[in-house]
Amino acid sequence: MIPPIADRFVAGETERDVISHARVLDTEGINSICNLLGEHYDSPEPAAADRESYCALIEAIGGEDIDATVSIKPSQLGLGIAEGCFRSNLELVVERAAEQGVFLWIDMEDHETTDATLDAYTHHVEEYDGIGVCVQANLKRTPDDLHRLADYPGKVRLVKGAYDEPSDVAYREKSRVNEAYRECLEIMFAEFDGGIAVGSHDPAMIDYAEELHDEHGTAFEIQMLMGVREDAQHDLAAEHEVYQYIPYGDSWLSYFYRRMMERRENLLFGLRALIGR
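If you read the sequence shown in our numbering, its first letter stands for residue 22, the second for the next number, and so on.
In structure tokens form, the structure reads like this:
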């Protein structure tokens, strides 16, 4: 059982929990991105188990009348074991997603996985365009990646980047990351035909995306995490397509800890819950 202090950020431990949360969001005009927690496996068995869990989740979503998608991490499907392990597991998940007509997101992890992740995305999106991939604005290579990805169908989610990357491959200063995020948005709205996902809780970045949309007419959606700026999510959903990223699973503790540490507002929420205020 996930304690009340954590259930703001995690839907629950089971597939039933995340589907139930997605149903509620659907009635409120917010779409869902369902993610089974887990990553960085060093043996094929847990990667295969999560592959099967994702296939079952996709089938469950396919049987629902809700706008829900699925998001996976490459290391969760075995990228840290071998690229072949990841690709074979991903192949089965993509096949199931195509069968059910469910959109599938491929998350991005640290910079050492970028090439393998993008290669897998560009390979599969040629056959099934119901796939998206995440890119990180703090990586110095990302503008070049975006120019290349503009020629593919599918969707691209832009985030600032949460991994502690070395300075030779990534911008580390907050102001420079914000500048890079704006530069990446400019490329996407100018060169993409659509399929832009603005993955940010930063009002300034969302405002800039709206300005670029007015200038170029390129469609976009907004993606935010469960438990973070949810009032803003509902307000934005009145004018934009909004997706909430919903994690679930029994690996919730480490995820909850990261959410607590990354923003002062989240930490204050946790402390108030602990003291019953």
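For each residue, glycine too, the CB sits at the ideal point set by N, CA and C.
| Item | Value |
| --- | --- |
| Note down the Cα distance separating L16 from V154, rounded to an integer number of angstroms. | No statement about residue 16 is possible, as the shown extent of the chain runs from 22 to 298 and does not include it. |
| To the nearest angstrom, report how far apart A137 and P95 are at their CA atoms. | 9 Å |
| Are A316 and G50 closer than 9 Å when you measure CB to CB? | In the structure as shown, the chain starts at 22 and stops at 298, and residue 316 therefore has no counterpart that could be examined. |
| Measure the CB-CB distance between I217 and T239 and report whether it falls below 9 Å. | yes |
| When we look at the beta-carbon of H42 and count the other beta-carbons within 10 Å, is it buried (16 or more) or exposed? | buried |
| Measuring CB atoms only, is the region 142 to 159 touching the region 169 to 186, in the sense that at least three cross pairs come out at less than 8 Å? | yes |
| Just to confirm the assignment, what range does the alpha helix (DSSP H) spanning L113 have? | 104 to 121 |
| Which class does E85 belong to by DSSP, given the choice of helix, strand or coil? | coil |
| When you compare each of H234, A77, P187 to E260 by their alpha carbons, which one comes out closest? | H234 |
| In chain order, what residues of the same chain lie with their CB nearer than 7 Å to the CB of G215, ignoring the 5 residues before and after it? | T239, A240 |
| Report the option in E262, V219, P174, L46 whose CA atom is closest to the CA atom of T143. | P174 |
| Report the rounded CA-to-CA distance for D28 versus P187, giving the unit in angstroms. | 33 Å |
| Quick one: what does DSSP say S188 is sitting in, helix, strand or coil? | coil |
| Who are the near neighbours of E36 in its chain, counting only those whose CB is closer than 7 Å to its CB and skipping five residues on each side? | A77, L78, A81 |
| Might you give, ordered along the chain, the residues of its own chain that have their beta carbon closer than 7 Å to the beta carbon of C205, omitting 5 neighbours on each side? | A158, T163, P164, L167, L179 |
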